[in-house]
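Its first residue numbered 18, the sequence shown is counted upward by one per residue in this note's numbering.
What follows is a set of notes on a single structure, which appears directly below.
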Amino acid sequence: MPQEIEDASGYKGQAEQTFTPTTEGELIEILRTATREAIPITISGAKTGLTGGGVPQGGWAVSLEKFQRLEISAGHAIAGAGVSLETLQAAASRTGQFYAPDPTEITASIGGTIATNASGSRSFRYGSTRRHILGLRVALMDGRVLDVHRGDQVDFPLPQIPLPGTTKNTAGYLLSPGMDWIDLFTGSEGTLGIVLEAELQLLPKPSDVLAGVIFLANDDAALGAVEAWRSIAGLRMLEYFDRNSLAFLRQHFPETPENAGAALLIEQENGDIDFWADHAPEDSWFADNDKDRERFRRFRHALPELTNDTVRRRGFLKLNSDYAVPLARNREMLAYYHAQLQERSLDYVIFGHIGDAHVHVNILPSSEAEFETGQQLMLDFARHAVALGGTVSAEHGLGKRKAYLLEIQYTPDQIESMKEVKRRLDPNWLLNRGNLFA
Numbered sequence: 018m019p020q021e022i023e024d025a026s027g028y029k030g031q032a033e034q035t036f037t038p039t040t041e042g043e044l045i046e047i048l049r050t051a052t053r054e055a056i057p058i059t060i061s062g063a064k065t066g067l068t069g070g071g072v073p074q075g076g077w078a079v080s081l082e083k084f085q086r087l088e089i090s091a092g093h094a095i096a097g098a099g100v101s102l103e104t105l106q107a108a109a110s111r112t113g114q115f116y117a118p119d120p121t122e123i124t125a126s127i128g129g130t131i132a133t134n135a136s137g138s139r140s141f142r143y144g145s146t147r148r149h150i151l152g153l154r155v156a157l158m159d160g161r162v163l164d165v166h167r168g169d170q171v172d173f174p175l176p177q178i179p180l181p182g183t184t185k186n187t188a189g190y191l192l193s194p195g196m197d198w199i200d201l202f203t204g205s206e207g208t209l210g211i212v213l214e215a216e217l218q219l220l221p222k223p224s225d226v227l228a229g230v231i232f233l234a235n236d237d238a239a240l241g242a243v244e245a246w247r248s249i250a251g252l253r254m255l256e257y258f259d260r261n262s263l264a265f266l267r268q269h270f271p272e273t274p275e276n277a278g279a280a281l282l283i284e285q286e287n288g289d290i291d292f293w294a295d296h297a298p299e300d301s302w303f304a305d306n307d308k309d310r311e312r313f314r315r316f317r318h319a320l321p322e323l324t325n326d327t328v329r330r331r332g333f334l335k336l337n338s339d340y341a342v343p344l345a346r347n348r349e350m351l352a353y354y355h356a357q358l359q360e361r362s363l364d365y366v367i368f369g370h371i372g373d374a375h376v377h378v379n380i381l382p383s384s385e386a387e388f389e390t391g392q393q394l395m396l397d398f399a400r401h402a403v404a405l406g407g408t409v410s411a412e413h414g415l416g417k418r419k420a421y422l423l424e425i426q427y428t429p430d431q432i433e434s435m436k437e438v439k440r441r442l443d444p445n446w447l448l449n450r451g452n453l454f455a
């Protein structure tokens, strides 16, 4: 009997059969059978994705939730694809270390974060997942298994496709000079191979981290602060909340100042509280202990949950962007978002990684007409971001819901070059069909 599967965005699909292998051998047998019988396979993990990448549209669904190997050593960890970020971070912390990538959803699986090249709020300092991978064990659709490490070159010719001028990008395959197998598999959204386990870089846990939520009068003040503070030593997080976001957050954090028109969430390793005391408004919040820092993290992470709950109650899928632009176009893009949304009187929030010129627009429709208007506006935003030298996906991937955006980012010839790479590793087009390529 077909089983319905849904991800965190509310995107739904069905699988004719589901599998939860407990060993690599069991998985390989599933893949070989599927190849022999031409059955599409979708890797469906923790289901925390926002673009339908792990949601099948027929065929078989395979979960790697039982792949739970976790070994922590000095400077690195071996983690199975099913290990959650939360579990990895807790284990690393017990040894005085941490894993730098920091996606919002801590229950996300390691395999899923590699598939999308996830990043999160600490990407301002530490970049995305790709930067922190030392090795991968990957199963191909025909049952072969590859062990690849940094510097292992791909053994067939690869095209080269120019990258957008952003600090983050996960739209399509990374095909650039000097790349290796790890670069190719990371961010490929499970379309080239299945990550079984990864060797991940761990860093020494800082002895001191200062966190703050800095409330500002308006966007102009927030952007001025971003531009002034981005070069501060040890700053690892620079997150933005617009006026509408703060209104949402007051539902759970009523102490949020009523007169704030924007806010920035910061974290600084070996923080300088005297600097912030001199430069932040008096009603800002600061913390230098784990309990209060966790409160600020809840403040940040509550917003996606609140918006998801809102659109579910209204009966619509959330319309959200993952676009980023070059740092020099940060102010221009944010102003464009607000102007276009206000002109159409849409309910929305904007928040996210402003230090990377990568904020998330969330449109919260309450009618079919608003949903259609929002869909068209998201397309306009994508085209505008690309026209400014940006990307249509900075960290979430495109999955199935947003695969059509690839045609905004790249030319038909560039997309065909990516498809040729897929054919080399998945000639029958069975693995995670529908992801990336509409």
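By construction, the Cβ of each residue, glycine as well, lies at the ideal position given by its N, Cα and C atoms.
Candidates the options: closest to residue i by CA position
{"i": "V409", "options": "L358, E387, A341", "result": "A341"}
{"i": "A297", "options": "G229, Q34, A117", "result": "G229"}
{"i": "L175", "options": "S383, G195, L163", "result": "G195"}
{"i": "A304", "options": "H318, P321, E284, F292", "result": "E284"}
{"i": "Q431", "options": "L191, Q85, A402, V243", "result": "L191"}
{"i": "P38", "options": "I56, D24, G76, A98", "result": "A98"}
{"i": "D159", "options": "P223, G210, R315, T121", "result": "G210"}
{"i": "R450", "options": "R260, W293, K417", "result": "K417"}
{"i": "I150", "options": "S362, L217, G406, T184", "result": "L217"}
{"i": "Q268", "options": "L220, E311, E322, W302", "result": "E322"}
{"i": "L3", "options": "F292, A135, R312", "result": "The question about residue 3 has no answer here: the residues shown for the chain are numbered 18 through 455."}
{"i": "R260", "options": "N337, D236, T59, M254", "result": "D236"}
{"i": "H355", "options": "E299, G278, I425, S384", "result": "G278"}
{"i": "R331", "options": "I380, E88, W246, R400", "result": "I380"}
{"i": "L358", "options": "D373, S126, N337", "result": "N337"}
Residue range of the alpha helix (DSSP H) that includes residue i
{"i": "D443", "result": "Per DSSP, D443 belongs to no alpha helix (DSSP H) and is neither H nor E."}
{"i": "Q85", "result": "Where Q85 is concerned, there is no enclosing alpha helix (DSSP H), given that its DSSP letter is neither H nor E."}
{"i": "Q426", "result": "423-426"}
{"i": "D291", "result": "290-296"}
{"i": "T133", "result": "127-133"}
{"i": "I45", "result": "41-54"}
{"i": "F303", "result": "Looking at the DSSP string, F303 is not in any alpha helix (DSSP H); the run it does join, the beta strand (DSSP E), is 302-304."}
For residue i, the three-state DSSP class (helix, strand or coil)
{"i": "R111", "result": "coil"}
{"i": "V409", "result": "coil"}
{"i": "H401", "result": "helix"}
{"i": "Q268", "result": "coil"}
{"i": "S145", "result": "coil"}
{"i": "A277", "result": "coil"}
{"i": "S136", "result": "coil"}
{"i": "T104", "result": "helix"}
{"i": "A96", "result": "strand"}
{"i": "G391", "result": "helix"}
{"i": "E21", "result": "strand"}
{"i": "E284", "result": "strand"}
Cβ neighbour criterion (16 or more within 10 Å) applied to residue i
{"i": "F202", "result": "buried"}
{"i": "F368", "result": "buried"}
{"i": "P118", "result": "buried"}
{"i": "G113", "result": "exposed"}
{"i": "Q392", "result": "exposed"}
{"i": "K222", "result": "exposed"}
{"i": "E387", "result": "buried"}
{"i": "G241", "result": "exposed"}
{"i": "T40", "result": "exposed"}
{"i": "F265", "result": "buried"}
{"i": "S193", "result": "exposed"}
{"i": "F258", "result": "buried"}
Residue interval of the beta strand (DSSP E) (run including residue i)
{"i": "R154", "result": "150-156"}
{"i": "V72", "result": "Neither: V72 is in no beta strand (DSSP E) and is coded neither H nor E."}
{"i": "V243", "result": "First-last for V243: 236-246, but that is the alpha helix (DSSP H), not the beta strand (DSSP E)."}
{"i": "Y253", "result": "Here the sequence assigns Arg to residue 253, which means Tyr is not the residue at that position. First-last of the beta strand (DSSP E) with R253: 252-259."}
{"i": "T35", "result": "34-36"}
Residue i: CB within 7 Å of a non-hydrogen atom of the ligand GDP
{"i": "L334", "result": "Inclusion of the ligand GDP in the displayed structure is not the case, the ligand content being empty and no account of it being possible."}
Uninterrupted beta strand (DSSP E) stretches inside the stretch 308-389 (no shorter than 3 residues): You should have 365-370, 375-380.
Complete runs of the beta strand (DSSP E) confined to the stretch 168-242 [at least 3 residues]: Counting only runs of 3 or more, we get 211-218, 226-233.
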